[in-house]
Structure formats: C-alpha cells, structure tokens
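Here is the structure we will look at, set down as structure tokens.
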Amino acid sequence: MQRATGRFLAHVCGPGSPDGARTVTVRVPAGEVELAVEVRGEGLPVLFVHGFPFDRTLWRHQLATLSRARRIAFDLRGVGGSGVPPGGDGYSLSRYADDLVAVLDAVGVGEAVLCGLSMGGYVIFELLRRHPARVKAMILADTKPQADSAEAKRGREELTQVAEREGPDAVIERLLPRLLAPATQATQPEVAGQVREMGRRWSLPGLVGALRVLRDRPDSTETLRGVRVPTLVLVGSDDEIAPPDTARAMAQLIPGAECHVVPAAGHLAPLEQPEATNRWLDAFLRALA
Numbered sequence: 001m002q003r004a005t006g007r008f009l010a011h012v013c014g015p016g017s018p019d020g021a022r023t024v025t026v027r028v029p030a031g032e033v034e035l036a037v038e039v040r041g042e043g044l045p046v047l048f049v050h051g052f053p054f055d056r057t058l059w060r061h062q063l064a065t066l067s068r069a070r071r072i073a074f075d076l077r078g079v080g081g082s083g084v085p086p087g088g089d090g091y092s093l094s095r096y097a098d099d100l101v102a103v104l105d106a107v108g109v110g111e112a113v114l115c116g117l118s119m120g121g122y123v124i125f126e127l128l129r130r131h132p133a134r135v136k137a138m139i140l141a142d143t144k145p146q147a148d149s150a151e152a153k154r155g156r157e158e159l160t161q162v163a164e165r166e167g168p169d170a171v172i173e174r175l176l177p178r179l180l181a182p183a184t185q186a187t188q189p190e191v192a193g194q195v196r197e198m199g200r201r202w203s204l205p206g207l208v209g210a211l212r213v214l215r216d217r218p219d220s221t222e223t224l225r226g227v228r229v230p231t232l233v234l235v236g237s238d239d240e241i242a243p244p245d246t247a248r249a250m251a252q253l254i255p256g257a258e259c260h261v262v263p264a265a266g267h268l269a270p271l272e273q274p275e276a277t278n279r280w281l282d283a284f285l286r287a288l289a
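Residue numbers for the sequence shown follow our numbering, beginning at 1 and rising by one.
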C-alpha cells in the first residue's frame, strides 16, 4: 500500500513479521534518492543511525530484541537498499541529517530517541544543529565530538584513493583490524564476516562521499554543551577509534548524561557484545517510557 505523509511518499511493503516488522521506502524532499527503512514493533520510537562503512544490519541484535520500542533503522544514502544520488555527489552532513527528518516524517514520528554509532553520531550532532525539536533523547555509541585531526584527514584521503583504485573491499580490509576488539577477533570470527558483508553493500560514490564528509565534519563540542535531552553514552572497552576516556569526556559535556563501558568490545559494541549493549539500552528506554 502507499500512504502520503506530508511532502513524502512511503511505500509499505508486505505484511511484515509477527512483531510488526515492515520495509518502507522513503523519498527525501529533494526527490534525488530513496532510502530503505525497516520498522519493527510499537512503542517509544527509536531511530538507529549506522556508521561507516556499515549498513542498517549493524543494529540486527537491537532490532530483534528491544521489544518495548518502535525500532526504525535505515540505510544511509548510497548504501545497501538506499539509492545513490545522481551525479555521484549529494553527500554532506546536512543532507544526511535531513534524511533523518525524511525518515521520521514518512513513518509518522515527530520526535524520537536517536541512536547513532560512530559516523551515525556525527549525523545526530548535525540533526541537533538543524532540527533539535526532533530529538527526544540520544544514545551515542562509539562516537566522539571532535573533528578530524590533520593526520586523520590525510588518512581519509588515503582511504579515498584506495576506494577509487581498489573498491570497497580494500577499504574494509584496511579498517577491520581497528574496528573489532581482540576478544571479538579471537572468539567471534563471524562478526568480521558481518562487517565485510556490510561494507560490500556500499556504492563507490557513497563510500567516497562519506569519507569526504568524515574528513570535513565540524567539531561538535559546543553543540553537545547545549544539549538538554536525556543521553546515554556507550563505548567498547577496547575501542581504539573513540576510546573510553573520550566517551567519558563527551558525556561530561551533556548535563545528566550517563556513560557505560561495554567490556570486550571494540568500535562496534552493539554488534560485538549485543547482550551487554541491550541491557543498557533497555534500561535507558524503560526510564524514558
């Protein structure tokens, strides 16, 4: 069936699973791209925003088990089931943030709990600047407010060249050793396989566009100082990219924010240690309900 939601058109496909899962396609305001969105269950709406270079299946364990919430997850533009903007451009933090609004509008949600990992956190920071009224609460996982250093910017440029020369698989292999905790690499080889699968779902324009967005993103420290919504910060104990000390300092910027370290997890705590992650998420969502 189709339903019009303001300026957006959502196509709801199929009966869904027993818990109410269904797939929605959302056309963003500019009409340049469609976004693949998954919706499960009923209750407090939570919008999950994946990082780079992953897709919405990063949240597979949260979508399957957080039954008290209406779980909404989507693929960023240029990724997975979502479309690629014409011309190879169309990637910026502002466009990513406006896509979040398009998703919320299309599924009939005014404000939601925003849950983002890594780059997903950066997109939420931009949403705070552009559309703060849409944020009921935040869950920030394995992310940080700082902009890229000069060294990190050079690293993004090198990865961009690798992507253009060798494709997405080569980028994933470069990143993989830093993404997962040693315990994950030793005892959960299937997680590395899942990361590779997610990376292969990125289009080359999406990959290159995201790398440039990451390189050019602003510092969000002052943005977070102004936050006045309930906030949960989660970080893997072995996260090399956004380490625990960085996460604790970020939480201190936000009045009342809580911060928890997920043991034996690297940069992908929700995928590496889903049970521990979900306990913190469930407790946070219960307190909001």
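Cβ coordinates follow ideal geometry from the N, Cα and C atoms, glycine included.
Assigned with DSSP and collapsed to three states, Ile72 falls in strand. In this structure Leu234 is in contact with Ala141, their Cβ atoms being roughly 5 Å apart against a cut-off of 8 Å. By the neighbour-count criterion, in which a residue is buried when 16 or more other Cβ atoms sit within 10 angstroms of its Cβ, Ala133 is exposed. Ser82 counts as buried, since at least 16 other C-beta atoms from the protein chains shown sit within 10 angstroms of its C-beta. Across the set Val262, Val123, Trp280, the C-alpha of Val123 shows the shortest separation from the C-alpha of Phe52.
Excluding its 5 nearest sequence neighbours in each direction, Ala170 has C-beta neighbours in its own chain below 8 Å: Val162, Ala163, listed in chain order. Inclusion of Ile72 and Phe54 in the CB contact set at 8 Å is not warranted, their separation being larger than that value. Scanning His267, Pro168, Pro230, Lys144 for the CA closest to the CA of Ser203 turns up Pro168. Nearest in C-alpha terms to Ala102, of all of Leu35, Glu158, Gly78, is Leu35.
Secondary-structure assignment with DSSP links His260 through a beta bridge to Leu234. Under the criterion of beta carbons closer than 8 Å, Gly88 and Pro205 qualify as touching, at roughly 4 Å. Counting only unbroken stretches of 4 or more residues, the alpha helix (DSSP H) elements lying wholly within the segment 157-186 are 168-179, in sequence order. Straight through space, the alpha carbons of Met198 and Phe74 are spaced by roughly 13 Å. For Phe48, DSSP records a beta bridge to Ala73, Cys115. In this structure, the beta-carbon distance from His267 to Ser118 falls below 8 Å.
Per DSSP, reduced to three states, the secondary structure at Val191 is helical. For Arg212, the enclosing alpha helix (DSSP H) begins and ends at 204-216.
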